[in-house]
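If you read the sequence shown in our numbering, its first letter stands for residue 48, the second for the next number, and so on. Have a look at the structure below before the remarks.
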Amino acid sequence: MANSEHIQWLKQGAIVWNQWRQKNQSLRPDFNSDYCRGCCLVGAQLSYSNFHGNDLLRANLSQAQLIEANLGNTSLRKANLSEAQLYKANLMQSDAREANFNRANLRYADLIKANLSKAQFIEAELPHTLWIKANLSQTVLIRANLQWADFTGASLTGADLSKADLRGVSFLGADLRGAILMGSRLDNALFEEANLQGANFTGAYFVKNDRSDGFRTVDVTVSSPPADRSLLMSYTSSEQLNVTQSAS
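Below, the structure is given as structure tokens:
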């Protein structure tokens, strides 16, 4: 159960909350199963807080400190978390549809089975994040840093990962139908058993990509500049096996 005192301080806004938190730094705020719909908490110091099961619909948490916060099973629909610090945060099974995570830091965050449909992660820091079986349909991840993230079994249908850093990412069994990966970096990415029907890899780069066996199941064309053996994807994939590689 949520701590009623913590809730009352929080609902007075970020300035009052931060002043109170400064005097009570040893506390781990508990907002479990309460609601803060539409709360304005810009820049709030909320690291290590427990929001499990909370309702943060349309809340403004931009630039908030949420390091190692528990946001599991939380409603974050249409919430603003742009430039928020969510290092090692737990967002497992959260509902963050249409939420704004632009330029946020979610390094090592857990988003397993989260619903992130139509959310935005433009230029977000997302290395080593877990997205296993998450719903990222039509999610925007343009220029996001996703190195060594795990999308095993995730749905990324229609997602936009243009110019994203996807080095070492696992797309094992993921659904990438209609996804846009134009200009992305895919060195050592894993696509085994992934569905890439209609995905757009135009201008994507593969350097020493020893884990990309999944491309054998789709129709792609790559060109390999001899200088660095990079694989430059220059085709929009379709259904049939047809991998070609040009010399230059």
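Every residue, glycine too, gets a C-beta built ideally from N, C-alpha and C.
(message) Whole angstroms are fine: how far does the CA of S73 sit from the CA of N50?
(response) 15 Å
(request) Check the C-beta distance from A136 over to A156 and give it rounded, since I have them as a contact under 8 Å. (result) 5 Å
(request) Apply the 10 Å Cβ neighbour rule to E52 and answer buried if 16 or more other Cβ atoms are within range, or exposed otherwise. (result) exposed
(request) Assign G85 to buried or exposed, taking buried as 16 or more other Cβ atoms, counted over all protein chains shown, within 10 Å of its Cβ. (result) exposed
(message) Checking 9 Å against the spacing of the C-beta atoms, do A206 and A226 come in under that value?
(response) yes
(request) Compare the beta carbon distance of A211 and L188 with 9 Å and say whether it is the shorter of the two. (result) yes
(request) Between the Cα of Q132 and those of Q140, S141 and R154, spot the shortest distance and give me the residue it belongs to. (result) R154
(request) Return the CA-CA distance between A246 and A116, expressed in angstroms with no decimal places. (result) 34 Å
(request) Report back the beta-carbon spacing between L103 and P76 to the nearest angstrom; my notes put them in contact at under 8 Å. (result) So it is not a contact: roughly 14 Å between Cβ atoms.
(request) Work out the CA separation of R224 and Y82 for me, nearest whole Å. (result) 36 Å
(request) Go through its chain and collect everything with a Cβ distance to A166's Cβ below 8 Å, but skip five positions before and after it. (result) A143, R144, E145, A146, N147, F148, L183, T186 and V187
(request) With a threshold of 16 other CB atoms inside 10 Å of the CB of Q112, please say whether the residue is buried or exposed. (result) buried
(message) In this structure, how does DSSP classify E145 when only helix, strand and coil are distinguished?
(response) coil
(request) For N71, count neighbouring C-beta atoms within 10 Å of its own C-beta (all shown protein chains included) and say buried if the count is 16 or more, exposed if not. (result) exposed
(message) Output needed for N65: all residues of its chain with C-beta closer than 8 Å, excluding positions within five of it in sequence on either side, in chain order.
(response) G90, A91 and Q92
(message) My output table needs one value for N97: the three-state DSSP class, helix, strand or coil.
(response) strand
(request) May I have the straight-line CA-CA distance separating R150 from F168, to the nearest angstrom? (result) 7 Å
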